[in-house]
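These notes are about the structure you will find just below.
Numbering (my numbering), first residue to last: 23 to 284.
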């Protein structure tokens with residue numbers, strides 16, 4: 023089952039208030055846990071100086087810059103939203119990291135890269151937006167070097183839910199669908215990755231969702247209403263409330279997966 027949501031819908035949303043509100047809640051890395059979680063994934067993926075990283079759906083480029091700044095990696099970010107690519111490039115230039123971090127507009131389902139050129143294919147909490155996750159992992163395998171690594175986190179379905187819950191949760195986030203950890207493991211194996219590690223991070227995910235709701239309804243409320251209006255604020259409050267309840271009920275969460283290309 024999949025919602026009728028495509029890359030154009032996500033792009034339009036993130037070129038408007040949604041991307042800005044999520045940055046207000048999460049910081050410029052726009053994923054759960056910020057730099058701490060980027061460091062954990064980097065250590066598990068063995069990011070080091072001169073590692074060639076492809077950040078798939080790179081957003082504002084916060085993780086890409088962190089990998090370059092902290093570990094000396096060379097990072098190419100791929101994103102389908104022009105505003106994200108432009109803003110990521112601007113911030114990267116402002117930090118003087120343009121020699122190590124670049125960004126490209128493109129589709130994760132048809133990556134504009136030669137095969138076998140990246141040491142690590144990377145993603146953080148963004149592959150839930152992709153319509154065809156089988157094709158996504160196939161493309162990740164294609165562009166990864168022999169013996170290369172796939173390392174990602176994502177929002178996942180962790181328990182059974184009603185049709186109303188499924189539609190409400192995915193519609194608010196503009197996810198065509200969510201994968202499960204088991205589903206991701208099957209996809210990796212299908213496309214030539216040996217799964218080294220998979221971890222359910224759902225307890226931590228639930229605590230973060232509570233923090234986002236507290237920030238939204240507390241310190242950030244007035245600025246969001248002033249900037250985007252009451253209707254946008256109420257939609258955000260309602261949607262994040264749905265996700266808090268779903269996380270507490272154990273039907274949505276977050277996972278971390280590390281694999282090695284055979």
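Think of the CB as a built atom: it goes at the ideal place given N, C-alpha and C, for glycine as much as any other residue.
The stretch 209–229 in contact with the stretch 23–43 per 3-pair CB rule at 8 Å: Two segments are said to touch when three or more pairs of C-beta atoms, one from each, lie closer than 8 Å; by this definition the stretch 209–229 does not touch the stretch 23–43.
The alpha helix (DSSP H) enclosing residue 91, as first and last residue numbers: Counted from its first residue, the chain shown places residue 91 at position 69. That run of the alpha helix (DSSP H) goes 84–93.
3-residue-minimum beta strand (DSSP E) runs that sit fully inside the stretch 157–203, ordered along the chain: Those beta strand (DSSP E) runs which fall completely within the stretch 157–203 and span 3+ residues are 166–179.
Cut-off 8 Å between Cβ atoms - residues of its own chain near residue 93, not counting five sequence neighbours on either side: Here residue 93 refers to the residue found at position 71 of the chain shown. Excluding sequence neighbours, residue 93 sits near 64, 69, 70, 71 and 73.
Cβ-Cβ distance between residue 224 and residue 186 below 9 Å: Mapped onto the chain shown, residue 224 falls at position 202. Mapped onto the chain shown, residue 186 falls at position 164. No, these two residues do not count as a Cβ contact at 9 Å.
Proximity below 9 Å, CB of residue 91 to CB of residue 175: As a position in the chain shown, residue 91 is number 69, starting the count at 1. As a position in the chain shown, residue 175 is number 153, starting the count at 1. With respect to residue 175, residue 91 sits apart: the two C-beta atoms are not nearer than 9 Å.
Closest by C-alpha distance to residue 130, when choosing among 145, 118, 123 and 139: Your numbering for residue 130 matches position 108 in the chain shown. Of 145, 118, 123 and 139, the smallest CA-CA separation from residue 130 is found for 145.
Rounded separation between residue 123 and residue 238 - CA only: Mapped onto the chain shown, residue 123 falls at position 101. Mapped onto the chain shown, residue 238 falls at position 216. If you take the alpha carbons of residue 123 and residue 238, they lie about 32 Å apart.
Three-state secondary structure assigned by DSSP to residue 222: By 1-based counting over the chain shown, the position of residue 222 is 200. The three-state reading of DSSP puts residue 222 in strand, counting E and B together.
Cβ-based neighbour list, residue 255, same chain, cut-off 6 Å, excluding 5 preceding and 5 following: Against the chain shown, residue 255 aligns to sequence position 233. Around residue 255: 246 and 247.
Straight-line gap, residue 87 to residue 115 (C-alpha atoms, nearest Å): The residue given as residue 87 occupies position 65 in the chain shown. The residue given as residue 115 occupies position 93 in the chain shown. Each residue's Cα considered, the two are about 10 Å apart.
Residue range of the alpha helix (DSSP H) that includes residue 58: Position 36 of the chain shown, counting from 1, holds the residue named residue 58. Here the alpha helix (DSSP H) through residue 58 covers 56–67.
Bounding residues of the alpha helix (DSSP H) (the contiguous stretch that carries residue 121): By 1-based counting over the chain shown, the position of residue 121 is 99. Per DSSP, residue 121 belongs to no alpha helix (DSSP H) and is neither H nor E.
Proximity to residue 215 [Cα-Cα], best of 100, 104 and 171: As a position in the chain shown, residue 215 is number 193, starting the count at 1. Considering only alpha carbons, the answer is 171.
Span separating the alpha-carbon of residue 155 from that of residue 149: Start at 1 with the first residue of the chain shown, and residue 155 comes out as number 133. Start at 1 with the first residue of the chain shown, and residue 149 comes out as number 127. If you take the alpha carbons of residue 155 and residue 149, they lie about 8 Å apart.
Residues sharing a beta bridge with residue 249, DSSP: As a position in the chain shown, residue 249 is number 227, starting the count at 1. For residue 249, which the question treats as bridged, DSSP gives no partner whatsoever.
Beta-carbon gap between residue 195 and residue 179 smaller than 9 Å: Counting from one through the chain shown, the residue named residue 195 turns up at place 173. Counting from one through the chain shown, the residue named residue 179 turns up at place 157. No; because the gap between Cβ atoms is not below 9 Å, this pair is not in contact.
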